[in-house]
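In the working numbering, the protein residues as written are 3 to 361. For each residue, glycine too, the CB sits at the ideal point set by N, CA and C. Presented below is the structure to which this report refers.
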Amino acid sequence: MLRIGMLTSGGDCQALNAAMRGVVKGICTKRDDVEIYGFQDGYKGLIYGNFSMLTPKDFSGILTRGGTILGTSRQPFKLMRVPDADGLDKVEAMKHTYYKLNLNCLVILGGNGTHKTANLLREEGLNVVTLPKTIDNDLWGTDMTFGFQSAVDIATDTIDRIHTTATSHSRVFIIEVMGHKVGHVTLHAGIAGGADIILLPEIPYDIKVISDVIQKRTKAGKKFTILAVAEGAISKEDAKLKKKEYKEKLAKRKYPSIAYELAEQIQQTTDKEVRITVPGHTQRGGSPCAYDRVFATRVGAKAAELILNQEYGYMVAMRDGEITKVPLEEVAGKLKYVDPKCSFIQEAKMIGISFGDEL
Ligand code: F6P
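Printed below as a string of structure tokens:
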């Protein structure tokens, strides 16, 4: 008997169901002595032993369905070693569930935080195979994560819609795109949507540069300016602060998010009317795009192969277009940032897109 525990952890994204379907179909076409334990709401289900027994039928018809049939939750890695309110040791509890159910392996779908805990469980002796999910595409060790392309499509569609209304008004429009630490979604959606200014956490901006770009566009007869701004975009001034100081500053910020702070500054420095659009969680919602369905199916099938071969301790990844495996210890705790020097940024600058850093 092959006993598999499965969970989805952290913020959800499109194609989680497609990936799980890939894993289960991949295993069940080769073996029929399989038991699948679906843990509810991520690591929480593993800690507290909340699961349901699933059959291959439960994974049918979910290729196009957004969200996750297992539910998810955020269980911060830094709190994993901290006992819960009742004094429960969470790591020991997860191990207890695993051994009690006599599992052969855990299939874990998640992003950065999830991978730190997955690696911890590996170090504790559990068999783990992980799949790379997150709209942010910031997982180290893989060129792509599922959810990313779907989120880019949605953010791009938002910018497209703003474009048509922008052409009717002489205004500045700010679209705030998801991504607190990294700007992959903003960079791609910004270019795809034809944004004039793109602000990323990796390239600190100068508000004077932004104002100058807007004024120059006005002088050149352009009626509007569109900014694609990552949630974690940061000014050059704030980038000089220590992490703790910046966190304290953010906690006291009077604005709900960066878009509102920028809007006020742009209004003051350019005298232009500014409008804000925050697509927020729509970027994680709905059906996965075709790319994500294919990619999630491929990584799901690869995970099935690893499990059937009893190759554990890996994240399934994409490198140079090929689906491969990367040791979990290499992935855990590392982020894949946008490289400010990459050709992508240079090409965008070549066609006149400003990153708010220089004129
Ligand atoms: O990590 C994915 C992500 O969608 C980020 O881009 C975003 O900043 C964050 O999650 C939002 O998290 P939550 O759903 O917990 O508000």
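Give the secondary structure of residue i by DSSP, where H, G and I count as helix, E and B as strand, and everything else as coil.
| i | result |
| --- | --- |
| residue 344 | coil |
| residue 329 | strand |
| residue 199 | strand |
| residue 110 | strand |
| residue 22 | helix |
| residue 97 | helix |
| residue 194 | helix |
| residue 309 | helix |
| residue 92 | helix |
| residue 41 | strand |
| residue 293 | helix |
| residue 29 | helix |
| residue 319 | strand |
| residue 278 | strand |
| residue 163 | helix |
| residue 132 | strand |
| residue 3 | coil |
| residue 146 | coil |
| residue 324 | strand |
| residue 2 | Here the chain has residues from 3 to 361 only, and residue 2 is not among them. |
| residue 212 | helix |
| residue 352 | helix |
| residue 259 | coil |
CB-CB under 7 Å to residue i, same chain, minus the five flanking residues each way: which ones, in chain order?
| i | result |
| --- | --- |
| residue 118 | 79, 334 and 335 |
| residue 234 | 181, 182, 183 and 203 |
| residue 292 | none |
| residue 316 | 131, 308, 327, 328, 329 and 330 |
| residue 143 | 317, 319, 328, 332 and 333 |
Please decide whether residue i counts as near chain C, where near means a Cβ-Cβ distance under 7 Å.
| i | result |
| --- | --- |
| residue 123 | Checking the listed chains, one finds no chain C in this structure; it contains a single protein chain. |
Take residue i as the anchor and find which of the options has the nearest alpha-carbon.
| i | options | result |
| --- | --- | --- |
| residue 106 | 200, 309, 340 and 337 | 309 |
| residue 158 | 134, 229, 231 and 192 | 192 |
| residue 15 | 165, 24, 153 and 326 | 153 |
| residue 56 | 104, 164, 244 and 72 | 72 |
| residue 338 | 181, 245, 272 and 294 | 181 |
| residue 328 | 108, 348 and 133 | 133 |
| residue 127 | 240, 100, 140 and 111 | 100 |
| residue 351 | 29, 197 and 96 | 197 |
| residue 63 | 23, 42, 69 and 102 | 23 |
| residue 47 | 10, 250 and 272 | 10 |
| residue 3 | 121, 103 and 228 | 103 |
| residue 331 | 251, 125, 81 and 151 | 125 |
| residue 115 | 91, 109 and 140 | 140 |
| residue 121 | 148, 178, 98 and 93 | 93 |
| residue 54 | 17, 5, 66 and 166 | 5 |
| residue 43 | 52, 151 and 36 | 52 |
| residue 194 | 346, 32 and 111 | 346 |
| residue 190 | 232, 222 and 301 | 232 |
| residue 314 | 34, 58, 109 and 25 | 109 |
| residue 282 | 18, 68 and 160 | 160 |
| residue 70 | 111, 98, 169 and 30 | 111 |
| residue 323 | 312, 301 and 220 | 301 |
| residue 2 | 96, 87 and 30 | Beyond the ends of the chain as shown, which are 3 and 361, falls residue 2; an answer cannot be given. |
Would residue i and residue j qualify as a contact pair, given that the criterion is a beta-carbon distance under 7 Å?
| i | j | result |
| --- | --- | --- |
| residue 285 | residue 156 | yes |
| residue 295 | residue 20 | yes |
| residue 200 | residue 230 | yes |
| residue 39 | residue 7 | yes |
| residue 60 | residue 320 | no |
| residue 274 | residue 187 | no |
| residue 306 | residue 28 | yes |
| residue 272 | residue 213 | yes |
| residue 289 | residue 66 | yes |
| residue 280 | residue 178 | yes |
| residue 211 | residue 81 | no |
| residue 17 | residue 298 | yes |
| residue 252 | residue 176 | no |
| residue 236 | residue 227 | no |
| residue 58 | residue 26 | yes |
Within a Cβ cutoff of 8 Å, which residues of the same chain sit near residue i, ignoring the five residues on either side of it in sequence?
| i | result |
| --- | --- |
| residue 204 | 184, 185, 339, 340, 341 and 342 |
| residue 13 | 74, 76, 113, 136, 137 and 286 |
| residue 91 | 85 |
| residue 33 | 4 and 310 |
| residue 245 | none |
Starting from the C-beta of residue i, find all residues in its chain whose C-beta is less than 6 Å away, skip the five residues before and the five after it, and write them out in chain order.
| i | result |
| --- | --- |
| residue 304 | 318 and 325 |
| residue 238 | 206 and 208 |
| residue 123 | 130 |
| residue 150 | 137 and 139 |
| residue 392 | Residue 392 lies beyond the residue range present for the chain, which begins at 3 and ends at 361; the question has no answer from this structure. |
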